[in-house]
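Just so we're aligned: the sequence shown equals residues 1 to 1030 in full-length UniProt numbering.
Backbone N, C-alpha and C define an ideal beta-carbon position, used for all residues, glycine too.
One structure is given here, and the rest of the page talks about it.
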Amino acid sequence: MVSHHIVSHHIVSHHIVSHHIVSHHMVSHHMVSHHMVSKHMVSHHIVSHHIGRHHIVSHHMVSHHMVSHHIVSHHMVSHHMVSHHIDSHHIVSHHIVNHHIVSHHMVSHHTVSHHAVKRDRDGYVSQNVVVSPALLLSHYKTESNLEGGLGNTPVMLACSINNTEALSILLSHGARLSSQNKLGHYAIHAAAFAGSKKAMDVILKAGEEMGHSIEEHINFLDKSYSSPLHLAVRGGNMDIIEFCIHKGAKIDQQQVDRSTALHFACSQGATEAVKLMLSSYSRLDSIINLPDGACQTPLHRATIFDHTELAEYLISKGADIDYIDSKGLSPLLLATNCGAWRTVALLLSKGANVKIKDQSGCNFLHLAILQPKGLKNLSGDVLQHSSVKDLLSNEDNEGCTPLHYACRLGIHESVKNILVLQVSLDRKSKDKKSALHFAAQYGRVNTCQRLLETITDSRLLNEGDERGLTPLHLASGGGHTKVVELLLRKGALFHCDYKGRTCLHHAASEGYTQTMKIVLATNINLLDKLDEDGSTALHLAAREGHVAAVRLLLQRGAEVSLNKNHASFFHEALQHGRKDVINAIIDSDRSIDYNFQWLQAPIALTKHAKVDKGLKIQPLATLNAMVKYNRIELLSHPVCKKYLEMKWVAYGSAAHLLNLFVYLLGLLPLTHLIVSLRPSLDYTGPDNTTAVTMVPISVREVLYTNTGCMAVKCQRLTYFKDPFNYQDWTVAIFSLLFVIPLNFNVEGSWYWQAGAMAVFQSWISFLFYLQRFEHFGIYVVMFNEIAKTLWKILLLFFFLMLAFALVFHALMLNQKEFERLDLSGVQIFVMMVGELNYQSNILDIYLDNKLPFPFLTFYMFVVFVILMPILLMNMMIGLAVGDIAEVKRTAGLKRIAMQIELHTNLEEKMPYWLLKRVDQSFFTIYPNRKCSKVGMAPVVCISLYNPIQTEGDIQCVYLYIIPYRLKEISSVLEKQHDLMKLMIQKMEITSEADEHDGPTEVKGYRQRSNWGQAKVLQFTGKTRIVNPHS
């Protein structure tokens, strides 16, 4: 560079950008590298232009002789940079400004003045540059109160590093002491916190010269109303604390949270600082118990962190040992809550009141049990003290004693210590829970074991709380298998709670399958037990979406029933959106096994009976006995129904269809003859086709006749008890009377009338053949039952019809319809069903004056209308409608009886080899499987007509599924997140490995370890407190 010339970059105050020496646009490629002034520079000259009275650096510091890149572009400084000619004794070496000054310190948001103040603390500045506040401030444009990071001025920076020389120069150049940073701190606060005693002395003297007295200055307050003494105590420098007190700092000055410096010193355990402050304060009794915002005294602060010596000193100076804070905690309760056991022992030895309770009603022992190791932290002498023994029966606001706490947390040693003191186990909380209830609810198996060994009243084992829940209910609802096994071994009963729910209901509602297996292995009768809503354990498991529990209950044979809301477990799953349960039900291989061995004799015995004529075995003997003794409930049993269905599918349907086919061989030709040979006045005789058609009819009737004769021979009197046999004989006789004369060309019309009756009776018989089919056979039987009811009231119809036929035959002399008695009866029958013909029968004749007895005729007509079409017909309809349910039930049972009779007759005639092939002793059905390939037809059709052929279609399917999968994954992650949080919380609590008593998770447990809004965190033996008041 040019010798004796240096470019000193002083930034004009209002032109700098965000207090940076050079903005981020300073260099186009390299901000300022260590090559800024290097071997690439030519002749070490700077070309500058003098504009006005200032020297500015041109856009190009060096011409083409410099490095190819522009060192400083036109973005170098937004407005002006000032250049001064410095005397030669200020010239530095050719490295004018080391790159660390510009680049390294630039990011700390400090100005050049800040860096100058840090001269003695910055190695780069002290080694490379002779830069001082005096040099910078010598220029009249330099601002001495520029703010750097967090709003700190150079004065504050000088105070924080105790640079008295720079501080004096800054003050001499007009630096303000009244400036505050973003935290509201003055320079005096920075000096006090940093322990800069010399800087504080300089500041106080300068402030006094500016009109601020030393006592006023030493008590300056920041935004949180903290004085320099507060920050001095935080800094922990005894010399500064003593200096502040000597200069008149107020010890009782309270900050925003009303904490004094004494509170901070007690929190830190600074005994010497506490002694110094108390010895220098005249009114000791007014400050020793001065409360902060949480109503905590200095003694409270000392007990939190187990500062035993300090606590003892405060007590000796008159600190109130039983002072209550805003949470109702005395120093003893606070020390116990924080695990400060040395301080606890000290306070107890000093006579602290152990009967004080916090806002939750917890006494000293309640809080002691909540801590790790529980009562083991206390010495045996403490527990033997009479005042402490009395606390064992004290209750908190929820009615819980210390024993309840110990049982809830499973602190085995504490339970042992309490039971040794002969504590009553009958004490109940406000929700009527005993200690055993709490131990069972939270799975404390060792605690339950010890309690059960101690209990003398066995009623406590099965006693319910305010909801009727026994310890077995609570253990089952929590899935604590070991506790459930223990309670069952000790004799726990399967009581129901006040909602009628058993322990299986509670385990199923929470999805604990292992617990359910234990309960079902002990008492299988609970499987289909109903609660007050009519719901079983299967309903609750499906409602809550527990797939494994639903599968287990179905595998164990749980009944699929409806509750009082007429909903099955499948309905519950649908209504609550349990998709996984629904898929599991659909995909399950649920089956129903039927055992028929008690409904029939062994097939081998049947073979023996065919050989041994003396041994007679009736087929379907059990079912025939049910029919004989009219056991309707037994016949309606699903096993009996399925047994008959098995018989019908095996051989009954085939035999009946064969019989029906043979019957149609005669029915259809007979019908053809009646239709094709309808007689007329010029009838001549049958043609050749008629003769051919007669053959199957004759053959069928001959077969039926022979079959009937054989049946009479075998069944004898039993044959004549069946009315359908008469029907078959009627059909056969009329058919033969029709076919035989027609075949021999017999003259006359009587055989045609026989044919008409034959075809009528044949179709009626065909109708009765259909009654053996399941779906529409019941309606045929119902028709038969209603016909029987009609025959019963036919006598009533006959007398009424005869009465009105006679009266109208006598009164209506000119009417042909009533000319004879038989014609009058037929007309009355037609009029009874609604065909009155009032106009033609009565009105027209009356208007023509041809009605002999008009008044009596009209009167009897009205009586007829009232009695016959209205009264009698409505009575018949009422009987039919009123008895329809009973008729349907009776018809169903009669159809079953006919099925039994059919199978009995068939098995009596079936050979042994065929019977052995079709007979089954066991039968299994799978309700969730498709019945046949026919049921698969729609699915096959859909797959054929809507194939997924393209890759785009597959991607659409994936895109449709992805949101549901993401939702499921999110749900799983949330559960895992909650579990991890609980694990982390429990990792902060030390527990004895050998005293592990059940699960570590305590759901619904109200944490009592927090005092105020503070949280105590323990890390490797050290304790730290995070308090919003500090």
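- Going by beta carbons, I251 and S280 fall inside the 9 Å limit.
- Inclusion of L290 and I321 in the CB contact set at 9 Å is not warranted, their separation being larger than that value.
- Distance check between N462 and each of C503, H566, K223, Q180 places C503 closest, using alpha-carbon atoms only.
- M238 is the residue among M238, H300, S735, K647 whose C-alpha sits nearest the C-alpha of F193.
- As computed with DSSP, I592 is found in a beta bridge with I925.
- The straight-line gap separating the alpha-carbon atoms of S921 and W913 is approximately 16 Å.
- Here I900 is buried. Its C-beta has 16 or more other C-beta atoms within 10 Å.
- Residue environment: H185 is assigned as buried (16 or more neighbouring CB atoms within 10 Å of its CB, all protein chains considered).
- Burial state of Q359 is exposed, judged by a 10 Å Cβ sphere holding fewer than 16 other Cβ atoms.
- When secondary structure is reduced to three states using DSSP, V581 falls in the helix class.
- Using a Cβ distance threshold of 9 Å, A567 and V550 do not count as a contacting pair.
- Out of I632, K642, I582, the CA that lies nearest to the CA of F923 is found in K642.
- Per DSSP, H571 is one residue of the alpha helix (DSSP H) stretching across 569–575.
- Just so you know, the alpha carbons of T513 and D580 end up roughly 16 Å apart.
- Here the C-alpha atom of D396 lies approximately 14 Å from the C-alpha atom of K433.
- A contact between stretches requires three or more CB pairs, one per stretch, nearer than 8 Å, and the stretch 818–829 fails this requirement with the stretch 775–793.
- For T522, same chain residues with a beta-carbon under 7 Å away, outside a window of 5 residues either side, are L488 in chain order.
- If you draw a straight line from the Cα of H903 to the Cα of P602, it is about 16 Å long.
- Short of 8 Å from the beta carbon of M516, and not among the five residues preceding or following it, lie these beta carbons of its own chain, in chain order: L504, A507, A508, A537, A549, L552, L553.
- For S535, the three-state secondary structure derived from DSSP is coil.
- Around the beta carbon of G410, a 10 Å sphere encloses 16 or more other beta carbons of the protein chains shown; the residue is thus reported as buried.
- In this structure, G755 places its C-beta atom within 9 Å of the C-beta atom of S735.
- In this chain, the alpha helix (DSSP H) harbouring M516 covers 513–522.
- Residue environment for N841: buried (at least 16 other C-beta atoms within 10 angstroms of its C-beta).
- The beta carbon of Y405 is closer than 6 Å to those of H366, I369 in its chain, skipping five residues each way along the sequence.
- The continuous alpha helix (DSSP H) containing Y663 extends over residues 653–676.
- The straight-line gap separating the alpha-carbon atoms of H546 and M987 is approximately 30 Å.
- Rounded to the nearest angstrom, the gap between the Cα atoms of V423 and G511 is 36 Å.
- CA-CA distance, C448 to G464, rounds to 16 Å.
- Looking from the CA of Q555, the closest CA among S330, A584, N563 belongs to A584.
- Straight through space, the alpha carbons of Y442 and L979 are spaced by roughly 17 Å.
- For G207, the enclosing alpha helix (DSSP H) begins and ends at 197–209.
- A residue is called buried when at least 16 other Cβ atoms come within 10 angstroms of its Cβ; K647 meets this threshold and is buried.
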